[in-house]
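Residue numbers (the working numbering), protein chains in the order written: chain A, 197 to 308; chain B, 14 to 128. By construction, the Cβ of each residue, glycine as well, lies at the ideal position given by its N, Cα and C atoms. This report refers to the structure that appears directly beneath it.
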């Protein structure tokens, strides 16, 4: 089955810095890669996603890149703010499988 | 559109008891998945229901069961509770498509504490 590795497990940055979280996947048939943000006491919320026919996608301060050859994808957050502090999860899924495989999560701490 | 709702938000039970959690999906979504989240294990998939049928199942013991109703609402039941069942139980709904690009939307979760 699919295996998703996520790094780092903890990331501490200063407000205004950029943050990058990386994930690798094992199943070359995976074609959809969502990213979720989970704040304390809440469920994960979708923040951005990318499909395998696209190499990069941006939404304001957030961007995701996908390298299908290397089987890895990354979340980039620019100009970080304290409210970006949360746990971020990556996931990968493929056709015929309705359930995404999640990474173990990255705790992002943005210091004011 | 209203999001995924879960009830109750918090539960405290003792070992040996059973518990039922409820999830109402986003209107129009036919798939409901359940996850267990603990600090050490991350998001662990329990099962997925689509049109009242269990379509996918994770590696949990038979004490964990679920069902889905005709209006897509779902319930999850845990019998003979153990201390290790203490966790945040998350429900996620989606349209249920099979092309791999089906987005899951999560509810706020039910925090279960077993004493």
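- Annotation: the continuous beta strand (DSSP E) that includes residue 244(A) extends over 241 to 247.
- Within its own chain, the residues whose Cβ lies closer than 7 Å to the Cβ of residue 81(B), once the five positions on either side in sequence are excluded, are 45, 62, 65, 87, listed in chain order.
- Inter-residue distance for residue 211(A) and residue 270(A) is about 20 Å (C-alpha atoms, whole angstroms).
- Close to residue 121(B), with beta-carbon spacing below 9 Å, are these residues of chain A in chain order: 237, 238, 239.
- The shortest C-alpha to C-alpha distance from residue 246(A) to any of 264(A), 240(A), 235(A), 234(A) is the one to 264(A).
- Looking at the DSSP output, residue 216(A) sits in a beta bridge with 272(A).
- Restricting attention to 197(A), 198(A), 199(A), 203(A), the CA atom closest to the CA of residue 303(A) is found in 203(A).
- Of the candidates 27(B), 15(B), 110(B), 110(B) places its Cα closest to the Cα of residue 68(B).
- Counting every other CB atom within 10 Å of its CB across the protein chains shown gives residue 266(A) a total below 16, marking it as exposed.
- In this structure, residue 233(A) places its C-beta atom within 7 Å of the C-beta atom of residue 243(A).
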